[in-house]
Amino acid sequence: MITLERLTKRYEATTAVDDVSMIVEPHTITTVVGTSGSGKSTLLRMINRLVEPTRGRVLIDGIDTATEPAHRLRRRIGYAIQGLGLFPHRTVAENVATVPRLLGWDRARVHRRVHELLATFELDPARYADVYPHELSGGQQQRVGVARALAAEPNLLLMDEPFGALDPILRGKAQDDLLEVQRRFGTTIILVTHDIDEAFRLGHRVAVMSGGRLLQHDRPARLVTHPADPFVSQLVGATERALRLLALVPASEVAQAGAVEGPTLPGTATLREALDALVWSGAAAANVADAAGATDRHVTLASVLAHGRRASE
Amino acid sequence: MSTGRQSPLVDPLGTVLVIIGALGWLTLPLVLFKANRILPGVPHTLAEVLPTPFVAAVGATLATAAYIALRVASPRVRLATALIAIAVIAVALATAASALTPPGNRVVRVAPGGAFWLLLLALGLLATDAIARLRPGPLLRVGWLVAFFAAVVGAMHTGYFDDLSILREHAVNAARFADEVRRHLWLALGSLFAALLVAWPLGIVCHRLPRLQASVLGALNFVQTIPSIALFGILMAPLAALAAAWPWLASLGVSGIGAAPAAVALFLYSLLPLVANTVVGLGRVSSAAVDAARGMGMTSLQVLREIEMPLALPALLAGIRIVLVQNIGLVTIAALIGGGGLGTFVFQGIGQTAMDLVLLGALPTVALAFAAAVVLDALADLTRRVPR
Chain L
1 MITLERLTKR YEATTAVDDV SMIVEPHTIT TVVGTSGSGK STLLRMINRL
51 VEPTRGRVLI DGIDTATEPA HRLRRRIGYA IQGLGLFPHR TVAENVATVP
101 RLLGWDRARV HRRVHELLAT FELDPARYAD VYPHELSGGQ QQRVGVARAL
151 AAEPNLLLMD EPFGALDPIL RGKAQDDLLE VQRRFGTTII LVTHDIDEAF
201 RLGHRVAVMS GGRLLQHDRP ARLVTHPADP FVSQLVGATE RALRLLALVP
251 ASEVAQAGAV EGPTLPGTAT LREALDALVW SGAAAANVAD AAGATDRHVT
301 LASVLAHGRR ASE
Chain H
1001 MSTGRQSPLV DPLGTVLVII GALGWLTLPL VLFKANRILP GVPHTLAEVL
1051 PTPFVAAVGA TLATAAYIAL RVASPRVRLA TALIAIAVIA VALATAASAL
1101 TPPGNRVVRV APGGAFWLLL LALGLLATDA IARLRPGPLL RVGWLVAFFA
1151 AVVGAMHTGY FDDLSILREH AVNAARFADE VRRHLWLALG SLFAALLVAW
1201 PLGIVCHRLP RLQASVLGAL NFVQTIPSIA LFGILMAPLA ALAAAWPWLA
1251 SLGVSGIGAA PAAVALFLYS LLPLVANTVV GLGRVSSAAV DAARGMGMTS
1301 LQVLREIEMP LALPALLAGI RIVLVQNIGL VTIAALIGGG GLGTFVFQGI
1351 GQTAMDLVLL GALPTVALAF AAAVVLDALA DLTRRVPR
């Protein structure tokens, strides 16, 4: 568990982060969203002490992070940033091995771990271990950046706009990969972004920041149904509240037994995608495939609409 | 490729070089004969000294070289032609020197004339242009350099060129020549290394503390504007005073004149290029890489050693190149205050109006500076293999 207690950072006249308190549950993804200058990056950088707080403290599993030398703290926290910061003079394998080497792992263990990670991130070690970052595509570089951040198996991973430089298609793929990695390793992730769609898609919890203050920190659905501040409603978008809610619910969760005449949705589809398919096809119900590809369950238009209907609450 | 092969009717650089060479060959003497080393030379053309077939062969070689410089595009052919032609005029010069020198006479001097120097200039430019067009890799360039020096030294050792004035002067000063070359290099390299020990830390501090940058670079800039002779002069008084006050310093070689003020001045001149290039090099290192390195838990020293300095290396080497070439030239001036080095021959030669002795100091200085530039450029290329 990560606890931020009344964190404040002042630079002479300006206050970058103003009295932020927040609790991050282990094994979850928390996205911090806000406009530029909202203090979200500064908040993130105070967690691994790249920025020292003016006031307040950060506890990781109940222990104050200030009690340990900053570089030791950082070695057990993963860190990935926009633009990646891959070392151009080091090979992919050397880049990924950075933190394990700093921790003094023996060669064989480093080698094993690097190869395992590259394989996890679909970078064939035989082909890519010894090439330099500039020889990779943007998407591959991004995966190396995340692999490097995860190299020493950190329990906590900090990410500052990690997908900011990717085009929309690569970005979607990178987000899926990150969700998969988080499910597999159970890493606690705090991710800073200015993209509200990304924040909703990835975050178990979403923290909204503006002008250095934390406006709301809650489950994404609560941000839509119970915005704590006009800025939050504006950020979430007053004209697509229902659609945002539908996008948070997997169709498979709502599906009932029996096959119907109508379009078939993949097992990963959300209710938003189900609605789109139903509107497009004009059908009243759609089948939802399960992991094996069987289509003996379905969602109806009425049940989809019910999930987006909150005005009465 | 075919468009690349389509050479213009005449090569523009070739035209200029042929004009230079032809002007020299037609209007100036190839050799100068002096009854002794301080008399002005009596000009001779090649035809006055050597048998006609020999002169015709040299003329034919140069005419062929001129044609190739004008009409042939292939850099390999141009390079080979230039090198062969240089060898031919060098041999012609040496043969003429032997022909003009009475047997056993060690007083007369036969020096290269204006035609020789202009031809050497034109052919040298032809060769360097051809090498530049070939774009050889860094190791190959160093290989060429070594081969060229080996060829020149080898040619000297054959004895065939011994009657040429410069080699006569070398023979007279042989023992001192080796000493002065060593001393020259020692002064140039020693002051460079001493400056590196100060300049790199200073550059790193300036990079980390931008407020310090302007004042440090300003001060070093000021030093750089002091003319070298003036700086040698300024240093004489304080160093002499130091040596007088502390005899142990004097026993270490510190004195108002000699190598000490020369080394101190060279050290001071070296600082600006080294510090400035360190600051620029570190400033160009990707801030994302530095942020990531710190964020993953490198200490400040590890970031410097493993990320910043390796990525700044091309700029650091560029600084070393500037300083080394500059120092090799400046050491020549140091001879004025008794610093030694090849400048000794230059100033002695000027004093005695013996131009051949001046050349004995000047030509090796140019060669050393050239070699230093080629070697350091090659090193910089090798480290730039990985683009930022």
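One line per chain: the protein sequences are L and H, in this order. Counting in the working numbering, the final residue of the first sequence is number 313, and the numbers go up one at a time with none missing. Counting in the working numbering, the final residue of the second sequence is number 1388, and the numbers go up one at a time with none missing. For every residue, glycine included, the Cβ atom is placed at its ideal position computed from N, Cα and C.
Using a Cβ-Cβ cutoff of less than 8 Å, which residues in the same chain neighbour residue i once the five nearest sequence positions on both sides are dropped?
i, result
"L/R171", "F163, E198"
"L/F231", "V208, S210, L215"
Spatial neighbours of residue i within its chain, please: C-beta separation below 6 Å, excluding the five flanking residues on both sides.
i, result
"L/V146", "A80"
"H/L1368", "I1328"
"H/L1231", "A1265"
"L/F200", "P220"
"H/T1158", "none"
"H/L1311", "V1285"
According to DSSP, which residues form a beta bridge with residue i?
i, result
"H/Y1269", "In DSSP, H/Y1269 forms no bridge with anything."
"H/A1094", "Paired residues: none, contrary to the question."
"H/E1180", "In DSSP, H/E1180 forms no bridge with anything."
"H/T1156", "According to the sequence displayed, residue 1156 of chain H carries Met and not Thr. Per DSSP, none; premise fails for H/M1156."
"H/I1068", "BP columns for H/I1068 are empty, so no partner."
"L/D218", "L/V206"
"L/K9", "L/V17"
"L/V299", "L/A286"
Out of curiosity, what's the CA-to-CA distance linking residue i and residue j?
i, j, result
"H/G1004", "H/A1073", "Here the model assigns H/G1004 a pLDDT of 47, short of 50, so the residue's position is not dependable, and the following value carries that caveat. So the two alpha carbons sit approximately 9 Å from each other."
"L/A327", "L/R297", "Outside the shown range of chain L (1 to 313) lies residue 327 of chain L, about which nothing can therefore be said."
"L/Q182", "L/I190", "11 Å"
"H/G1340", "H/A1334", "7 Å"
"H/S1287", "H/D1377", "27 Å"
"L/D218", "L/T193", "16 Å"
"L/R272", "L/H226", "20 Å"
"L/G78", "L/G262", "46 Å"
"L/R113", "L/A151", "7 Å"
"L/A284", "L/T30", "36 Å"
"H/I1320", "H/H1207", "18 Å"
"L/E253", "L/V304", "11 Å"
"L/Q140", "L/V131", "12 Å"
"H/V1366", "H/V1331", "12 Å"
"H/R983", "H/Q1213", "No answer is possible for residue 983 of chain H: it lies beyond the span of chain H, which begins at 1001 and ends at 1388."
"L/L50", "H/A1371", "46 Å"
"L/G37", "L/P250", "34 Å"
"L/R314", "L/D276", "Here chain L comprises residues numbered 1 to 313, so residue 314 of chain L is not present and cannot be evaluated."
"H/T1383", "L/T14", "43 Å"
"H/L1316", "H/H1170", "37 Å"
"H/R1133", "L/D160", "47 Å"
"L/V260", "L/Q82", "46 Å"
Between the options, which has its C-alpha nearest residue i's C-alpha?
i, options, result
"H/L1070", "H/P1012, H/L1120, H/A1047", "H/P1012"
"H/G1297", "L/R6, L/V20, L/E12, L/R45", "L/R45"
"H/P1103", "H/T1128, H/D1163, H/G1258", "H/D1163"
"H/L1079", "H/E1308, H/G1024, H/L1123, H/A1237", "H/L1123"
"H/T1344", "H/R1321, H/A1259, H/R1284, H/N1277", "H/A1259"
"L/M22", "L/T35, L/T3, L/S38", "L/T3"
"H/A1092", "H/T1052, H/A1066, H/P1075", "H/T1052"
"H/L1203", "H/V1279, H/T1332, H/E1308", "Strictly speaking, residue 1203 of chain H in this sequence is Gly, with Leu absent from that position. Among H/V1279, H/T1332, H/E1308, the Cα nearest to that of H/G1203 is on H/V1279."
"H/I1038", "H/R1109, H/V1346, H/V1290", "H/R1109"
"H/L1126", "H/A1065, H/G1283, H/A1087", "H/A1065"
"H/P1227", "H/L1268, H/S1255, H/Q1213, H/A1214", "H/L1268"
"L/V92", "L/A119, L/V33, L/L50", "L/A119"
"H/A1082", "H/A1063, H/K1034, H/L1139, H/F1161", "H/A1063"
"L/P69", "H/G1295, H/Y1067, H/V1152, H/L1017", "H/G1295"
"H/N1221", "H/P1029, H/A1276, H/L1185", "H/A1276"
"H/I1337", "H/A1035, H/M1355, H/T1353, H/G1256", "H/G1256"
"L/G196", "L/K173, L/L223, L/P266", "Note on residue identity: the sequence assigns Ile, not Gly, to residue 196 of chain L. The candidate whose alpha carbon is nearest that of L/I196 is L/L223."
"L/G293", "L/F200, L/P266, L/R6", "L/P266"
"L/P53", "L/G34, L/V299, L/E5", "L/E5"
"H/P1210", "H/L1282, H/A1174, H/P1261", "H/L1282"
"H/L1030", "H/A1115, H/F1149, H/A1111", "H/A1115"
"L/Q256", "L/W280, L/V288, L/N155", "L/V288"
"H/H1044", "H/T1061, H/L1026, H/A1056", "H/L1026"
Considering only residues of the same chain and omitting the five flanking positions on each side of residue i, which have a CB-CB separation below 7 Å?
i, result
"H/R1141", "V1374, A1378"
"H/A1130", "P1075, R1078, L1079, A1082"
How about residue i: is its C-beta nearer than 8 Å to some C-beta of chain B?
i, result
"L/R72", "Of the chains in the structure shown, none is chain B; the protein chains are L and H."
Checklist entry - Residue ranges of each alpha helix (DSSP H) run of no fewer than 4 residues wholly in the segment 1206-1276 of chain H, ordered along the chain? => result 1210-1225, 1228-1245, 1247-1251
Checklist entry - At what residue ranges does the segment 110-193 of chain L contain a whole run of the beta strand (DSSP E), taking only runs of 3 or more? => result 156-160, 188-193
Checklist entry - Hey, which unbroken runs of the alpha helix (DSSP H) at 4 residues or more fall wholly within the segment 1024-1061 of chain H? => result 1046-1049
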